[in-house]
Amino acid sequence: MSYSFAGIDHVQLAAPEGCEQEARKFFADLLGWTEIPKPEALKKRGGVWFQCGAHQVHIGVQNDFMPATKAHPAFQVHHIGELREYLIARNVTLIDDDVRKEEGVSRFYVNDPFGNRLEFLEWI
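If you want it as structure tokens, here you go:
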């Protein structure tokens, strides 16, 4: 076999039309991710892109949008306890999940402004 996989380039989350400002408030202002420019050819489709560590998260407009309430990306975090406290202080609803605690995983879930499930985790 001459091909191989190098990893994940980006994750795309769907959102409704007109989502851009709300996405910026959540992903950039709240989480601190950096907005990155979309290629000119894709701008007309709407949505907004962010850098999260070494990876990109693309918020893409979907006409018949329905949030992903089970399928989700998991974002690895350093100092997850600090993130947890930060989000709680800003009235973000968290869903704690310690089912993987014995494996050394601390994690919780939040919903983005569009109802998509996001997981934040740290290997401890």
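Heads up: the sequence shown runs through residues 1 to 124, numbered per the UniProt record's numbering.
Quick reminder that beta carbons are idealized off the backbone N, C-alpha and C, glycines included.
- CA-to-CA, the gap between L121 and L31 works out to about 14 Å.
- By the Cβ-count criterion, V77 is buried, with 16 or more other Cβ atoms from all chains shown falling within 10 Å of its own Cβ.
- Within the UniProt domain "VOC" (7 to 123), the runs of alpha helix (DSSP H) that reach at least 4 residues and sit entirely inside it are, in chain order, 20 to 23, 40 to 43 and 80 to 89.
- The alpha-carbon of L94 is positioned some 11 Å away from that of D112.
- When only Cα atoms are considered, E35 and D9 end up about 16 Å apart.
- The beta carbons of P73 and L118 sit about 6 Å from each other, so the pair counts as a contact at 8 Å.
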